[in-house]
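Just so you know, the sequences run in chain order U and E. Once you know that position 70 of the first sequence is 70 in this note's numbering, the rest is easy, because the numbers rise by one and skip nothing. Once you know that position 22 of the second sequence is 263 in this note's numbering, the rest is easy, because the numbers rise by one and skip nothing. Here a beta-carbon is modelled for each residue, glycine too, at the ideal position from N, C-alpha and C. Comments concern the structure below.
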Amino acid sequence: MSEAPDAAGPATPVIEFRQVGLTYPGPPPVAALKPCDLAVAPGEYVTVIGPSGSGKSTFLNIAGLLDAPTTGHYLLDGIDTGTLPDADRTALRGRRIGFVFQSFHLLPHRSAAENVALAMLYTATRGRRAAAERHELARAALVRVGLGHRLDALPTRLSGGERQRVAIARALVGRPSLLLCDEPTGNLDTVTAESILALLDELHAQGLTVLLITHDPQVAARGRRTVAIRDGLLREEVVAA
Amino acid sequence: MRPTRRDRVVEPSRFPLRDLLSEALAGVLQRPARSTLTGLGTVLGVGTFVAILGLTATTSSQIDSRFSVLSATEVSVEDVGGTRPELVPLAFPADADARIQRLNGVEAAGVYWPVSQASGTVRSAPVGRQAGGEQVSVVAASAGVLAAAEPHLAQGRTFDGWHDSTARRVAVIGAALASRLGITTLDTQPAVFLDNRPFTVIGIVDDVKRKPDLLLSVLVPRGTAAQLWGEPERDRAKMIISTRIGAAQQIAAEAPLALDPAHPEYFKPVPPPDPRTLRSNVTSDLNQLFLLLAGICLVIGAVGIANTTLVAVLERTGEIGLRRALGARGRHITGQFLSESASLGLIGGLVGTSLGVLTVLGVALAREWTPVVDPATVAAAPVIGLLTGLLAGVYPAWRAARIQPAEALRR
């Protein structure tokens, strides 16, 4: 089985769900995500909207390779993740997906640059200069999100918006195929949220594939395409902004 | 990129040792107050371990040196008189002191035996309150005995070879005996009466380094005793030799031949005990008890580290979830928490070792002892700390690796 991760042509989607579903074994069995199909092409900006308890988290966990579906096939960059051993799924998650969380998940005792460099800790190349290279890449990523002046600041000295920018820089630094954002503006005021969404727009414009999960219709409207999830059922929204 | 991995769809996650160690060290150093408190148990345990081993080594070597100063330089020679002792009442020649004195390594030597006088009592006055007398042993001693015993004189002097060879009627007595006999000063030239014969007291001894029983006796010159009471009867004569350090065994071997080349079998030399056997007896009982205490301290230290590490794992659930999302495998998480607790143990062990050595130095300095710490102890102690930390980290690290990333990130 020789699948080419970077095959020629636009045919290989970043995310491809083939009848993917997850049922928690009973009793009674709970269908957290009913079998569904979804394809996200490279460079797309897709938002997933749904109220709490709708199966958003389950969708995120499957898409982020944090949880395995009980039915169907999930292909990431054309790789069938269901057939992979656990170690490879972990590596794939680390190398191909950049996570942005609602609660940032920054390590409180490390500087902004150290937090960003952490993303390359488990996936970095060998060599004596690895640490220095990582620091340089982290600096570049922070400059890219507009935080070039706060490299050595601790998260506790950063504002909410700055913290989320650090988190986005951490997600970007490993050059992932997919930026997976879980309620990235949930903990931010509207002005700050707008600046973060503008940053995501900008990154998308640079060619990054973005999948954003939210309960907020206004945030969901920023995507070029929106998918709604309700009671574990995923369906395409007809109208997109 | 290795050929064998060519068929892999993705290069697996790695966590090189350098990064593992720097992450562990960062984990310890970024919470200095907590790390200090956590490591305290190991510090105490390892510190106690080193201090106890060091102090036992120091004190036992101290006990050894006391043995070597006093008894290891003392040889006694018993007069056994060969196969028919009744024919040889006194085997020591008259010039025994001088014969032994000529041996290399001898500092002083003298012959003594208990005198059996007819009355059995000693008086300090012929009539009056002290006329009843005291039951005191009288010892005939050559001048060398007093030199070998290294007496400290309260008053007067000891007798010498002249008193001995001319059979002077002089006596040296212990301070306690002097006060029992009512003798307070030598200015009045007091006398003691042995079998109604007056002996001028020329010296009062208040302490001796060897043969403390001499303090309770009246010492008279050997020549005087031999002239008045003859040669020893019931109790045979002995010789005491004080030697330089290390010479005792050799002197013991040479003494019989030096005393009487024709009949060395008349003498039975008694060399001092071997200091090495003494040392092992003294150290073993103390060591076991105290090492048990150090072990208890270490267990308490390990429980402390385990407890804090477990709390840290629960506190850092979000961090664990994040690391898993960034590509860390379960074993990487295990490795990180194990090396964090091992680093804590190692640092605690190093600090504990230093404190333990300082304690030994302090005690030795205060008591003016020679501090003795086995280098093996100093080398092993930090390793013990490391192992304690490693052991304490096993359960928390296992728990950390089992945390599901999806679960952890929901926080």
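With 16 other Cβ atoms within 10 Å as the buried cut-off, status of residue i
i, result
"E:Thr429", "exposed"
"U:Val191", "exposed"
"E:Tyr636", "exposed"
"E:Trp354", "buried"
"E:Ser420", "exposed"
"E:Asp320", "buried"
"U:Glu236", "exposed"
"E:Met242", "The predicted model places E:Met242 with a pLDDT of 42, which falls under 50 and marks its position as unreliable; any figure quoted below should be read in that light. E:Met242 is exposed by the Cβ-count criterion."
"U:Arg89", "buried"
"U:Ala241", "Because the pLDDT of U:Ala241 is 43, which lies under 50, any placement of that residue in the model is unreliable, and the question is left without a value."
"U:Ser159", "exposed"
"U:Pro51", "exposed"
"U:Asp231", "exposed"
"U:Leu203", "buried"
"E:Arg438", "exposed"
"U:Gln164", "buried"
Distance, residue j Cα to residue i Cα
i, j, result
"U:Ser2", "E:Arg272", "Residue confidence for U:Ser2 is low, a pLDDT of 40 falling below 50, so the modelled location carries little weight; the figure read from the coordinates is stated next. Roughly 48 Å separates the two Cα atoms."
"U:Thr156", "U:Arg110", "10 Å"
"E:Ala605", "E:Val614", "11 Å"
"U:Thr209", "U:Val14", "8 Å"
"E:Gly589", "E:Val284", "5 Å"
"U:Leu188", "U:Ala167", "14 Å"
"U:Ala4", "E:Gly280", "Below a pLDDT of 50, predicted positions are generally treated as unreliable, and U:Ala4, at 44, falls in that range; the measurement from the model is reported next regardless. Straight-line Cα distance between these residues: approximately 52 Å."
"E:Ser263", "U:Leu142", "23 Å"
"U:Ala242", "U:Val48", "Examination of residue 242 of chain U is not possible in this model, given that chain U is present from 1 through 241 alone."
"E:Arg477", "E:Ala408", "20 Å"
"E:Leu261", "E:Gln577", "6 Å"
"E:Arg247", "U:Glu194", "Low local confidence applies: a pLDDT of 43 at E:Arg247 is under 50, so the model's placement there is unreliable, and no value is given."
"E:Pro612", "E:Leu258", "40 Å"
"U:Ile97", "U:Leu179", "6 Å"
"U:Pro29", "U:Thr23", "6 Å"
"E:Ile341", "E:Arg398", "23 Å"
"E:Lys509", "E:Ala503", "15 Å"
"U:Gln102", "U:Pro176", "19 Å"
"U:Val20", "E:Arg564", "26 Å"
"U:Ala7", "E:Val250", "Reliability fails at U:Ala7, whose pLDDT of 45 lies under 50, so the model's placement of it is uncertain and the value that follows must be treated cautiously. Cα to Cα, U:Ala7 sits roughly 13 Å from E:Val250."
"E:Ala535", "E:Gly634", "20 Å"
"U:Ala68", "U:Leu84", "11 Å"
"E:Gly630", "U:Ala205", "51 Å"
"E:Phe290", "E:Pro462", "56 Å"
"U:Met120", "E:Ala620", "37 Å"
Continuous beta strand (DSSP E) stretch holding residue i: start and end
i, result
"U:Ile49", "45-49"
"U:Arg224", "No beta strand (DSSP E) holds U:Arg224; DSSP gives it neither H nor E."
"U:Asp182", "178-182"
"E:Ser458", "458-462"
"U:Val40", "30-40"
Enclosing alpha helix (DSSP H) for residue i [first to last residue]
i, result
"E:Trp610", "First-last for E:Trp610: undefined, no H or E at that position."
"E:Leu500", "489-500"
"E:Asp656", "Given a span of 242 to 652 for chain E in the structure shown, any question on residue 656 of chain E remains unanswerable."
"E:Ala381", "No alpha helix (DSSP H) contains E:Ala381, which is instead part of the beta strand (DSSP E) from 378-382."
"U:Arg170", "160-172"
Contact check, residue i vs residue j, beta carbons under 8 Å
i, j, result
"E:Val269", "E:Leu585", "yes"
"E:Ala384", "E:Asp405", "yes"
"E:Phe333", "E:Leu457", "no"
"E:Ile445", "E:Ala412", "no"
"U:Thr116", "U:Val40", "Residue identity differs from the one stated: residue 116 of chain U is Val in this sequence, not Thr. No."
"E:Ala622", "E:Gly603", "no"
"U:Arg150", "U:Leu118", "no"
"E:Ala642", "U:Arg93", "no"
"E:Ala494", "E:Thr314", "no"
"E:Leu650", "E:Gly562", "yes"
"E:Pro513", "E:Val316", "yes"
"E:Thr618", "E:Gly295", "yes"
"E:Gly402", "E:Ala382", "no"
"U:Ala124", "U:Ala130", "yes"
The ligand SAH heavy atom lying under 7 Å from the CB of residue i
i, result
"E:Leu532", "The ligand SAH is not part of the structure shown, which contains no ligands of any sort."
Please list, in chain order, the residues of the region 558-577 of chain E that have any C-beta partner in chain U closer than 8 Å. Gly559, Glu560, Gly562, Leu563, Arg564, Arg565, Ala566, Leu567, Gly568, Ala569, Arg570, His573
Below 8 Å between beta carbons is the criterion; list the residues of the region 62-84 of chain U that meet it against any residue of chain E, in chain order. Gly64, Leu66, Asp67, Ile79, Leu84
Residues of the region 19-48 of chain U with Cβ closer than 7 Å to any Cβ of chain E, in chain order: none
Quick one: which residues of the region 103-119 of chain U get their C-beta closer than 9 Å to a C-beta of chain E? List them in chain order. Ser103, His105, Leu106, Leu107, Pro108, His109, Arg110, Glu114, Leu118, Ala119
Could you list the residues in the region 150-183 of chain U with a C-beta less than 7 Å from some C-beta on chain E, going in chain order? Cβ contacts with chain E come from no residue of the region 150-183 of chain U.
Along the region 247-265 of chain E, what residues have a CB closer than 9 Å to any CB found in chain U? Asp248, Arg249, Val250, Val251, Glu252, Pro253, Ser254, Arg255, Phe256, Pro257, Arg259, Asp260, Ser263, Glu264
Using a Cβ-Cβ cut-off of less than 7 Å, list which residues of the region 576-595 of chain E approach chain U; keep chain order. none
Check each residue of the region 202-216 of chain U: if its Cβ is closer than 8 Å to any Cβ of chain E, include it; give the result in chain order. none
Residues of the region 613-647 of chain E with a CB closer than 9 Å to any CB of chain U: list them in chain order, please. For the region 613-647 of chain E, the beta-carbon criterion of a distance under 9 Å to any beta-carbon of chain U is satisfied by Gln645, Pro646, Ala647.
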